[in-house]
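Working notes for the structure below.
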Amino acid sequence: MAVLVPALARLVWWKALRSAGWWRQVRGCAALNVTVLVIGLLVMGRDGAMATYAGLVLASALTVWWTGLR
């Protein structure tokens with residue numbers, strides 16, 4: 000997901016994301032996604048909860064927005 004979201008965002012917003020570094024977005028997404036997974040595992044007590052997956056999508060989208068679209 001850390002590679003997929005920045006890559007797909009560049010297909011849609013290629014002009015706006017031209018100046019944003021792709022590796023910077025991938026690293027940010029990966030770091031935030033690991034954090035969300037660990038928190039989801041600690042809170043839910045198991046892996047695979049839909050709330051954790053929703054958190055992953057939100058974290059990835061916020062990272063792309065924060066590093067390139069704001």
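Take the sequence shown: its position 10, counted from the start at 1, is 9 in numbering that gives the first Met the number 0, and no numbers get skipped.
By construction, the Cβ of each residue, glycine as well, lies at the ideal position given by its N, Cα and C atoms.
Nonlocal neighbours in the same chain, by C-beta distance under 7 Å from residue i, ignoring five residues either side
i  : result
V2 : V25
P5 : W21, Q24, V25, C28, V63
Straight-line Cα distance separating residue j from residue i
i   : j   : result
R69 : A50 : 26 Å
I38 : G47 : 12 Å
M17 : L40 : Note on residue identity: the sequence assigns Arg, not Met, to residue 17. Their Cα atoms are separated by approximately 35 Å.
R45 : T34 : 15 Å
Within 8 Å, strictly: CB atoms of residue i and residue j
i   : j   : result
L55 : M0  : yes
T66 : A19 : yes
Span of the alpha helix (DSSP H) around residue i
i  : result
V4 : 3–11
Residue i CB to nearest heavy atom of the ligand FMN below 7 Å
i   : result
L10 : With respect to small molecules bound, the structure shown includes none, and the ligand FMN cannot be examined in it.
Mind listing, in chain order, the continuous alpha helix (DSSP H) runs of no fewer than 4 residues lying wholly within the stretch 22–69?
-> 49–63
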